[in-house]
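Everything below concerns the one structure shown next.
Number of protein chains: 2
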Amino acid sequence: MYEGAVQDLIDELGRLPGVGPKSAQRIAFHLLASEQEDVQRLVESLVRVKERVQFCETCGNISEADQCRICADPKRDLSVVCVVEEPKDVVAIERTREFRGRYHVLGGSINPIEGIGPEDLRIRELLSRLADGSINEVILATDPNLEGEATATYLARTIQPLGVAVSRLASGLPVGGDLEYADEVTLGRAFEGRRRIESSG
Amino acid sequence: MYEGAVQDLIDELGRLPGVGPKSAQRIAFHLLASEQEDVQRLVESLVRVKERVQFCETCGNISEADQCRICADPKRDLSVVCVVEEPKDVVAIERTREFRGRYHVLGGSINPIEGIGPEDLRIRELLSRLADGSINEVILATDPNLEGEATATYLARTIQPLGVAVSRLASGLPVGGDLEYADEVTLGRAFEGRRRIESSG
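Sequence lines, in order, name chains F and X.
Start counting the first sequence at 17; every next residue gets the next number (the numbering used here).
Start counting the second sequence at 17; every next residue gets the next number (the numbering used here).
Right, here's the structure in full:
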C-alpha cells in the first residue's frame with residue numbers, strides 16, 4: 017500500500033509480538049516523523065543487544081559477560097538454586113528481594129503439544145551443577161500453569177534421588193486480590209495450602 | 017532491572033507509540049531470541065526508511081523521490097485536490113479507488129489545545145498550488161472530529177474567495193453499521209444530509 021521502504025518497515029514491525037498491522041503502521045509513521053537521532057538510538061540499541069548480550073555459562077540467564085551479574089556475585093548463597101523458565105522470571109524474583117541464592121534458567125517448560133520435551137530445556141546443565149554436592153536446595157519456580165507444573169514434577173522426580181531438597185513456590189490467593197474473583201483452581205490451592213494461625217500469647 | 021544493553025533496548029522500544037513497558041520487555045526478549053538476520057532486517061528497514069523516505073515537494077505525502085507516486089502520475093486529474101491531515105489518509109482514500117485527483121497533506125489539524133495553528137500546517141503550500149488557476153475543486157477530507165472540522169472550516173473560508181469550488185466529505189452512518197449503535201452526532205448528521213430518493217420510473 018505504501019511505497020517501498022515504508023511498507024518494508026511496516027512489515028518488519030508487524031512481525032514483532034503484540035504488534036498488529038495497525039500499530040505497525042502507527043509506529044512506522046511515528047518513526048518517519050521522528051528526529052534522525054531518535055531512530056538512530058533505537059537502531060543502535062538493537063545492534064548492541066545482538067552484539068553484546070549472551071547467555072550466562074552457569075545459569076543460562078541473559079548476560080553481557082560469560083557469567084551473569086548474579087552468578088558472578090560472591091555474596092550470593094551458593095547452596096540454593098531457584099529454577100525458572102525464562103530470564104524475565106529472574107527479574108521478577110529479584111524484585112521481591114526475598115531470594116539470595118542463584119538461578120537456573122531452563123529456557124521454557126515441558127510442552128508436548130509444542131513438541132518441547134525435557135531434552136530441549138537446560139536440565140542437563142542443571143544436573144551437572146548439582147553433581148558436585150555444593151547445592152543442597154532447589155526451589156522450583158516454574159509458572160503455575162499446566163506446563164510449569166509438569167516441568168516441576170519432572171524435575172522433582174529427577175532431582176530428589178540425588179539427595180537434594182526440592183521445594184515449589186506456594187500457590188494460593190494473590191496478595192491484594194479479591195476472593196470472589198479468584199478462579200476455582202487458585203482457591204482450591206489456597207485451601208489445600210492453608211496455614212494454622214498460632215495465637216500470639 | 018536488566019543488564020545494560022537489554023534495558024536500553026526496552027527503554028527505546030517503550031518510547032514507541034502504543035508500546036507499554038510490558039510489551040517493550042516482550043519485544044526485547046523476542047528479539048534476543050531471534051536469529052541475527054531477522055533483527056538485521058528490522059535494523060536495515062529502519063535505517064533505509066530514514067535514508068530514503070522524504071516528503072513530496074508538491075503534496076507533502078511520503079515519497080522516495082522529490083515527487084510522490086501520485087503527483088508524478090500523468091494520468092491523475094490535475095484539476096482536483098483532496099486535502100487530508102496525514103499520509104495514512106492518502107492510503108485510506110486510494111484504497112476506495114473513488115478519487116482520481118491529487119492530494120495535499122496538511123501534516124495535522126488545527127488544535128489550539130496542543131498549540132497547533134494554521135501556520136503550523138502546510139496551508140501556505142496549498143494556497144500557492146491554487147494560485148495558477150489550474151485547480152478548480154478542493155475536497156476537504158480532514159477527520160470528522162472537532163479539530164478536523166475546525167480545519168475544514170478555516171480552509172473553506174480561506175479558499176472560497178479564490179473562486180475555487182470547495183467540498184467536504186459527507187458525514188453520516190457508516191456503511192455496514194447498525195443504526196442503534198450510531199452515536200447521536202453521526203445520526204444527527206445523517207438526518208441533516210438525507211437525500212431524496214427519486215422514484216425510478
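Every residue, glycine too, gets a C-beta built ideally from N, C-alpha and C.
Going by C-alpha to C-alpha distance, which of the options sits closest to residue i?
i, options, result
"tyrosine 170 of chain X", "X/Lys66, X/Glu110 and X/Leu143", "X/Leu143"
"isoleucine 139 of chain X", "X/Leu122, X/Pro128, X/Asp148 and X/Asn127", "X/Leu122"
"isoleucine 155 of chain F", "F/His46, F/Ala181 and F/Ala166", "F/Ala181"
"glycine 149 of chain F", "F/Val69, F/Phe71, F/Glu73 and F/Ile175", "F/Ile175"
"proline 134 of chain X", "X/Cys84, X/Ala147 and X/Thr167", "X/Thr167"
"glutamine 52 of chain X", "F/Arg116, F/Val65 and F/Asp105", "F/Val65"
"lysine 38 of chain X", "F/Phe71, F/Val59, F/Ser79 and F/Ala108", "F/Ala108"
"asparagine 161 of chain F", "F/Val59, F/Gln23, F/Ser79 and F/Asp199", "F/Asp199"
"isoleucine 151 of chain F", "F/Ile132, F/Glu130, F/Glu80 and F/Leu178", "F/Leu178"
"histidine 46 of chain X", "F/Val55, F/Thr74, F/Lys104 and F/Glu73", "F/Lys104"
"valine 55 of chain X", "F/Asp54, F/Val55 and F/Val59", "F/Val59"
"glutamine 23 of chain F", "X/Gly131, X/Glu80 and X/Gly36", "X/Glu80"
"valine 106 of chain X", "X/Asp82, X/Cys72, X/Val201 and X/Pro90", "X/Cys72"
I want to verify the contact list: residues of chain X whose CB lies under 9 Å from the CB of residue i, in sequence order.
i, result
"glutamate 24 of chain F", "Looking at the sequence itself, residue 24 of chain F is aspartate, so the reference to glutamate does not match. Under the 9 Å cutoff, chain X gives Arg57, Glu60, Ser61, Arg64 and Val65."
"arginine 85 of chain F", "Glu19"
Contact check, residue i vs residue j under 8 Å by CB: the rounded distance?
i, j, result
"glycine 30 of chain F", "alanine 21 of chain F", "With 8 Å as the limit, glycine 30 of chain F and alanine 21 of chain F do not qualify as a contact, their Cβ atoms being about 15 Å apart."
"histidine 120 of chain X", "arginine 145 of chain X", "7 Å"
"leucine 62 of chain X", "alanine 44 of chain X", "Between alanine 44 of chain X and leucine 62 of chain X the Cβ distance is about 15 Å, and since that is not below 8 Å, they are no contact."
"valine 97 of chain F", "threonine 158 of chain F", "Contact flag wrong, Cβ pair sits at about 13 Å."
"glutamate 222 of chain X", "arginine 57 of chain F", "A query on residue 222 of chain X cannot be resolved here, the shown segment of chain X reaching from 17 to 217 and no further."
State yes or no: is the C-beta of residue i within less than 8 Å of the C-beta of residue j?
i, j, result
"glutamate 102 of chain F", "isoleucine 126 of chain F", "no"
"glycine 209 of chain X", "alanine 186 of chain X", "yes"
"serine 95 of chain X", "glutamate 153 of chain X", "yes"
"leucine 32 of chain F", "valine 69 of chain X", "no"
"arginine 42 of chain F", "glycine 34 of chain X", "yes"
"leucine 137 of chain X", "glycine 117 of chain X", "no"
"leucine 189 of chain F", "alanine 206 of chain F", "yes"
"glutamate 19 of chain F", "isoleucine 78 of chain X", "yes"
Anything in chain F within Cβ reach of residue i, meaning under 8 Å, just list it in chain order.
i, result
"isoleucine 132 of chain X", "Per Cβ cutoff of 8 Å: no residues; isoleucine 132 of chain X is ~14 Å from chain F at best."
Along chain F, which residues have their Cβ under 9 Å away from the Cβ of residue i?
i, result
"proline 103 of chain X", "Tyr18, Val22, Phe45 and Leu48"
"arginine 211 of chain X", "In chain order: nothing, as chain F lies at least about 31 Å away."
"serine 79 of chain X", "Glu19"
Output, in chain order, the set of chain F residues within a Cβ distance shorter than 7 Å of residue i.
i, result
"serine 39 of chain X", "Gly34"
"glutamate 28 of chain X", "Arg57, Leu58 and Ser61"
Would the beta-carbon of residue i be found less than 7 Å away from any heavy atom of the ligand SAH?
i, result
"glutamate 208 of chain F", "As presented, the structure is devoid of all ligands, the ligand SAH included, so that no description of it is given."
Give the interface partners of residue i over in chain B, defined as CB-CB distance under 8 Å, in chain order.
i, result
"glutamine 52 of chain X", "No chain B appears in this structure, whose protein chains are F and X."
Just the chain X side, please: which residues come within less than 7 Å of residue i by C-beta, in chain order?
i, result
"arginine 42 of chain F", "Pro33 and Gly34"
For a contact defined as C-beta to C-beta under 8 Å, what are the partners of residue i on chain X?
i, result
"valine 69 of chain F", "Glu19, Ala21, Val22 and Leu48"
Task: Runs of alpha helix (DSSP H) wholly within the stretch 83 to 129 of chain X (minimum 4 residues, chain order) - done: 103 to 112
- [ ] Mind listing, in chain order, the continuous beta strand (DSSP E) runs of no fewer than 3 residues lying wholly within the stretch 153 to 199 of chain X?
- [x] 153 to 156 and 181 to 184
- [ ] Could you pull out every unbroken alpha helix (DSSP H) segment of at least 4 residues lying fully inside the stretch 29 to 88 of chain X, listed in chain order?
- [x] Counting only runs of 4 or more residues that sit fully inside the stretch 29 to 88 of chain X, the alpha helix (DSSP H) segments are 37 to 49 and 52 to 68, in chain order.
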